[in-house]
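A.B. asks: Right, I'll just put the structure down here and ask away after.
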Amino acid sequence: MKDLLLITPPFTQLNTPYPATAYLKGFLNTIGVSAFQMDLGIEVILELFSKKTFEKLFDLAIENDSIATENCQRIYTLKADYLQPLDAIILFLQGKNQTLARQICTTNFLPQASRFEQLEDMDWAFGEMGMQDKAKHLATLYLEDLSDFIIECIDPNFGFSRYAERLGQSANAFDELYDSLQNKPTFIDNLTLAILEDKLKTVKPKLICFSVPFPGNLYSAFRCAQFIKANYPEIKIAIGGGFPNTELRQVTDTRVFDFFDFITLDDGELPIELLHQNVCQPNNNKSNSETNIENKDQNSNNNGRAERSRSTTINVDLNSKEKQYKRTFLLEDGKVVYKNNTTRPDYKQLQVGTPDYSDLLLEDYISVIEIANPMHSLWSDGRWNKLTMAHGCYWGKCTFCDISLDYIKIYEPIAASLLVDRMEQLIAQTGENGFHFVDEAAPPALMKALALEILKRQLTVTWWTNIRFEKNFTQDLCYLLKASGCIAVSGGLEVASDRLLKLIDKGVTVEQVAQVTRNFTQANIMVHSYLMYGYPTQTVQETVDSLEMVRQLFELGIIQSGFWHQFALTAHSPIGLNPSDYGITPNYKSITFANNDIDFTDKTGIDHNQFSFGLKKSLFNFMHGIGFDMDLQEWFDFDIPQSTITPYYIEDCLNTQASLSTKPTAKIVWLGHLPLVREYTKTKKGFVNELLELTFHDKTDRLQITVNKPEGEWLLDTLETLKPTTGKALSFSALKQDFESHFEDFELFWFSKQMQKLKDFGLLQL
Numbered sequence: 001m002k003d004l005l006l007i008t009p010p011f012t013q014l015n016t017p018y019p020a021t022a023y024l025k026g027f028l029n030t031i032g033v034s035a036f037q038m039d040l041g042i043e044v045i046l047e048l049f050s051k052k053t054f055e056k057l058f059d060l061a062i063e064n065d066s067i068a069t070e071n072c073q074r075i076y077t078l079k080a081d082y083l084q085p086l087d088a089i090i091l092f093l094q095g096k097n098q099t100l101a102r103q104i105c106t107t108n109f110l111p112q113a114s115r116f117e118q119l120e121d122m123d124w125a126f127g128e129m130g131m132q133d134k135a136k137h138l139a140t141l142y143l144e145d146l147s148d149f150i151i152e153c154i155d156p157n158f159g160f161s162r163y164a165e166r167l168g169q170s171a172n173a174f175d176e177l178y179d180s181l182q183n184k185p186t187f188i189d190n191l192t193l194a195i196l197e198d199k200l201k202t203v204k205p206k207l208i209c210f211s212v213p214f215p216g217n218l219y220s221a222f223r224c225a226q227f228i229k230a231n232y233p234e235i236k237i238a239i240g241g242g243f244p245n246t247e248l249r250q251v252t253d254t255r256v257f258d259f260f261d262f263i264t265l266d267d268g269e270l271p272i273e274l275l276h277q278n279v280c281q282p283n284n285n286k287s288n289s290e291t292n293i294e295n296k297d298q299n300s301n302n303n304g305r306a307e308r309s310r311s312t313t314i315n316v317d318l319n320s321k322e323k324q325y326k327r328t329f330l331l332e333d334g335k336v337v338y339k340n341n342t343t344r345p346d347y348k349q350l351q352v353g354t355p356d357y358s359d360l361l362l363e364d365y366i367s368v369i370e371i372a373n374p375m376h377s378l379w380s381d382g383r384w385n386k387l388t389m390a391h392g393c394y395w396g397k398c399t400f401c402d403i404s405l406d407y408i409k410i411y412e413p414i415a416a417s418l419l420v421d422r423m424e425q426l427i428a429q430t431g432e433n434g435f436h437f438v439d440e441a442a443p444p445a446l447m448k449a450l451a452l453e454i455l456k457r458q459l460t461v462t463w464w465t466n467i468r469f470e471k472n473f474t475q476d477l478c479y480l481l482k483a484s485g486c487i488a489v490s491g492g493l494e495v496a497s498d499r500l501l502k503l504i505d506k507g508v509t510v511e512q513v514a515q516v517t518r519n520f521t522q523a524n525i526m527v528h529s530y531l532m533y534g535y536p537t538q539t540v541q542e543t544v545d546s547l548e549m550v551r552q553l554f555e556l557g558i559i560q561s562g563f564w565h566q567f568a569l570t571a572h573s574p575i576g577l578n579p580s581d582y583g584i585t586p587n588y589k590s591i592t593f594a595n596n597d598i599d600f601t602d603k604t605g606i607d608h609n610q611f612s613f614g615l616k617k618s619l620f621n622f623m624h625g626i627g628f629d630m631d632l633q634e635w636f637d638f639d640i641p642q643s644t645i646t647p648y649y650i651e652d653c654l655n656t657q658a659s660l661s662t663k664p665t666a667k668i669v670w671l672g673h674l675p676l677v678r679e680y681t682k683t684k685k686g687f688v689n690e691l692l693e694l695t696f697h698d699k700t701d702r703l704q705i706t707v708n709k710p711e712g713e714w715l716l717d718t719l720e721t722l723k724p725t726t727g728k729a730l731s732f733s734a735l736k737q738d739f740e741s742h743f744e745d746f747e748l749f750w751f752s753k754q755m756q757k758l759k760d761f762g763l764l765q766l
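Right, here's the structure in full:
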């Protein structure tokens with residue numbers, strides 16, 4: 001029996017659990033609250049995509065006479081060929097049946113319907129893929145064929161990473177979702193509810209908390225809550241997560257509370273602690289933290305070190321019998337009320353503990369591969385431990401972003417040492433050393449500190465994150481990040497127009513983005529760019545010019561992946577709060593349920609939807625190295641103006657000379673090994689010079705330099721000190737001072753040709 005059951009409802013990702021419940025369970029561990037968590041989505045997927053279930057689905061399709069298209073007729077005709085390998089394919093995608101790859105790659109092993117039609121145009125890709133990846137891609141297409149059958153014949157709301165998403169998108173009123181919940185549960189609903197009921201009987205929770213990150217999780221959360229209310233009315237139910245945080249801040253429809261007792265907003269730690277206090281400890285108005293004013297957190301990592309002791313002072317009226325809530329909606333006297341009546345502050349990031357992935361079926365997640373987009377393959381292939389470097393966004397200015405909300409507005413970084421402590425704990429718990437840092441924008445200074453700490457501890461990890469393409473990402477910093485295990489970054493180029501980037505308050509220029517993406521690419525870190533069209537006041541000419549910028553970036557190979565998004569106006573962004581400043585007129589609706597996306601009219605009168613297909617088609621080609629010589633007009637079936645961007649604009653941006661000067665505060669780090677040393681003398685015009693020949697080796701190359709013996713001996717001693725494993729990175733000014741205590745003119749030595757070669761071999765200025 002557990003007090004709390006934390007649930008992620010169907011569906012999010014197939015390859016890795018969404019981290020919200022793991023974050024909350026890790027926090028609850030620190031305050032001694034028992035909790036069980038489940039990813040209901042992956043459990044439903046595994047039950048659905050099994051031979052025994054699909055046999056029922058094929059029979060049900062015939063009973064309902066729901067096979068309409070030639071594609072699904074083909075799938076049904078080949079049902080025996082689809083059923084026979086299904087369980088083996090799932091095992092293969094779980095990494096449990098790897099020898100099947102050779103069979104999958106054999107011609108005619110898997111039945112093929114419409115999803116396989118793309119293979120005719122994808123032969124070029126298979127030459128770049130290993131057998132395991134090719135087999136994963138073919139297996140993915142096979143599952144997508146079956147998914148198409150489900151959508152047409154069984155449940156039109158199904159999607160691998162979403163369910164009934166339409167019902168949650170821009171649902172200003174609750175009516176449509178409410179009406180759908182009055183219908184008989186679907187086949188997938190019944191699968192979901194059966195799995196849920198088994199867990200309820202085992203866990204016997206007093207409080208269930210649904211984490212709903214996306215619109216595609218909303219319907220299932222309500223359907224599950226409806227079932228719980230009908231069959232287990234004694235259990236209290238709360239909903240929180242990304243969707244409520246952004247969309248349900250103005251909810252007034254009382255019918256919502258037929259399903260949920262509580263809706264919590266923003267950071268969930270303190271709201272859930274108080275709900276636990278109110279529901280599970282009704283006779284004890286004081287929480288664990290309130291009873292123990294000095295609360296020592298002894299959450300230790302796998303090396304036995306205490307993560308951090310904390311002393312929290314709570315200002316609470318201990319005589320008050322009123323229940324305390326933090327950012328919580330509930331129904332009171334037949335009305336929706338919002339309660340934020342506790343004086344307690346939210347927990348700091350150093351206090352929330354390490355995410356805890358126990359209870360989740362980590363060995364059962366499914367790795368799939370979509371060739372079309374390299375960054376999307378990172379999302380869907382492999383299991384990643386999710387962590388956050390910093391709460392909120394250190395920039396917090398972009399005008400299209402929800403910067404007025406706490407999850408963006410309140411910026412709080414985590415110390416690198418604590419962050420790596422948590423990484424080591426997760427490696428020990430999950431057996432996985434891959435990390436996806438899910439930051440709004442990871443700060444460069446913290447990324448540098450994280451990389452140095454990883455190298456200091458000599459960990460082997462793989463990680464990726466989201467960033468801003470800001471100037472602090474120098475070439476040397478990118479080399480450091482790569483050495484620590486960074487394999488990819490994603491960031492917003494957005495509209496690829498300097499005028500519009502300034503209007504967005506992005507804090508970057510196209511030239512700067514080009515230079516930064518070049519730095520990452522040269523360090524062999526993949527770059528994905530978020531692209532935007534239809535921003536307020538954007539002209540047709542600016543859209544065409546943005547496409548030309550993107551074409552050049554891909555042609556030069558300094559961006560490897562991208563995705564075009566059409567601008568969406570959100571209620572909590574600076575544009576949403578001050579629309580007239582940006583030349584748009586919102587079409588407001590009466591809000592009783594969800595409020596985020598807002599329809600609007602742009603004063604330009606341009607229909608930006610018309611660009612969608614051409615922008616995405618061109619980008620698909622650019623990502624695969626083709627179409628660079630085509631005129632931009634060929635991507636569109638309507639007339640567009642010629643680009644005003646010069647053909648070599650991005651190349652010229654990259655040719656800007658970088659300054660050779662070094663900041664006195666720059667940290668100097670040596671990533672390489674100590675060299676082989678040979679002493680010799682050289683006589684020139686009667687003078688005898690004692691020299692050192694230093695031969696450096698790295699994993700793929702060698703470098704030989706010659707220096708005077710005295711400076712060379714100083715260099716050898718210094719390089720040993722500059723290794724990240726010492727934890728003693730010196731500043732440029734400290735290095736200069738030490739050198740000049742023995743010799744003269746440090747700059748002459750530091751900027752010599754020999755030292756410049758060494759800087760290209762692992763001597764970094766950060």
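Residue numbering for the sequence shown follows UniProt numbering, beginning at 1 and increasing consecutively.
Heads up, the beta-carbon is just placed ideally off N, CA and C, and yes, glycines get one too.
Just so you know, these numbers come straight off a predicted model, no measurement behind them.
1) My output table needs one value for residue 767: the three-state DSSP class, helix, strand or coil.
2) So residue 733 and residue 647 are in contact, right, with Cβ under 8 Å, and what is the actual spacing, rounded?
3) Residues bridged to residue 8 by DSSP?
4) Can you tell which of 362, 574, 592, 376 has its C-alpha closest to the C-alpha of residue 397?
5) Roughly how many angstroms separate the alpha carbons of residue 504 and residue 387, rounded to a whole number?
6) Taking 7 Å as the limit between beta carbons, can you name the residues of its chain near residue 846, skipping five residues before and five after?
7) Mapping the DSSP letters down to three states, classify residue 655 as helix, strand or coil.
8) Have a look at residue 721 and residue 699 and give me their C-alpha separation to the nearest angstrom.
9) What's the call for residue 769, buried or exposed, on a 16-neighbour Cβ count within 10 Å?
10) Could you say which of 20, 390, 420, 195 lies nearest to residue 409 if we only look at CA atoms?
11) Can you say whether residue 270 is buried or exposed, counting buried as having 16 or more other CB atoms within 10 angstroms of its CB?
12) Please classify residue 748 as buried or exposed, where buried requires at least 16 other C-beta atoms within 10 Å of its C-beta.
13) Give the range of the alpha helix (DSSP H) segment to which residue 420 is assigned.
14) Among residues of its own chain, excluding the 5 on either side of residue 268, which ones have a beta-carbon nearer than 7 Å to its beta-carbon?
15) In this structure, does DSSP put residue 402 in helix, strand or coil?
16) For the region 217–233 against the region 251–264, are there 3 or more C-beta pairs whose distance is under 8 Å?
17) Could you name the residues that DSSP lists as bridge partners for residue 263?
18) Starting from residue 566, trace the beta strand (DSSP E) in both directions and tell me its first and last residue.
19) Enumerated in chain order, which unbroken segments of the beta strand (DSSP E) with a length of 3 residues or greater are wholly contained in the region 503–559?
20) Looking only at its chain, what residues have a beta carbon closer than 7 Å to the beta carbon of residue 171, apart from the 5 residues adjacent to it on each side?
21) Just the C-alpha distance for residue 551 and residue 483, rounded to the nearest angstrom, thanks.
22) Assuming residue 153 is part of the alpha helix (DSSP H), what are its boundary residues?
23) Take every Cβ of the region 92–110, pair it with every Cβ of the region 182–191, and state whether three or more of those distances are shorter than 8 Å.
24) Apply the 10 Å Cβ neighbour rule to residue 614 and answer buried if 16 or more other Cβ atoms are within range, or exposed otherwise.
25) Suppose only complete runs of 4+ residues qualify. What are the alpha helix (DSSP H) ranges in the region 433–484, listed by chain order?
26) Using the C-alpha atoms, what's the distance from residue 633 back to residue 642?
27) Entirely within the region 654–726 and at least 4 residues each: give me those alpha helix (DSSP H) ranges in chain order.
28) Can you tell which of 579, 530, 442 has its C-alpha closest to the C-alpha of residue 562?
29) Just to confirm the assignment, what range does the alpha helix (DSSP H) spanning residue 575 have?
30) Taking the beta strand (DSSP E) that residue 486 belongs to, which residues open and close that run?
31) Helix, strand or coil: which one does DSSP assign to residue 742?
32) Express the C-alpha separation of residue 33 and residue 298 in angstroms, rounding to a whole number.
33) Suppose contacts are defined by Cβ-Cβ distances below 7 Å. Is residue 61 in contact with residue 153 by that definition?
34) On the DSSP bridge list, what partners appear for residue 584?
35) With a CB to CB cut of under 6 Å and the five nearest residues on each side skipped, what residues in its chain are close to residue 135?
36) Closest to residue 485 by C-alpha separation, out of 766, 539, 436, would be which residue?
C.D. replies: The short version:
1) In this structure the chain extends from 1 to 766, so residue 767 is not present and cannot be described.
2) With a Cβ gap of about 44 Å, residue 733 and residue 647 do not count as contacting.
3) 39
4) 574
5) 28 Å
6) The shown model of the chain, from 1 to 766, leaves out residue 846, and the question about it has no answer.
7) coil
8) 21 Å
9) Outside the displayed range of the chain (1 to 766) lies residue 769, so it cannot be described from this structure.
10) 390
11) buried
12) exposed
13) 416–430
14) 24, 240
15) coil
16) yes
17) 239, 329
18) 561–566
19) 526–533
20) 177, 593, 594
21) 30 Å
22) 131–153
23) no
24) buried
25) 444–456, 475–484
26) 8 Å
27) 709–722
28) 530
29) 574–577
30) 486–494
31) coil
32) Interpretation of residue 298 is limited by its pLDDT of 39, a score under 50 that renders its predicted location unreliable; the figure taken from the coordinates is listed afterwards. If I take the Cα positions, the gap works out to 14 Å.
33) yes
34) 602
35) 101, 104, 105
36) 436
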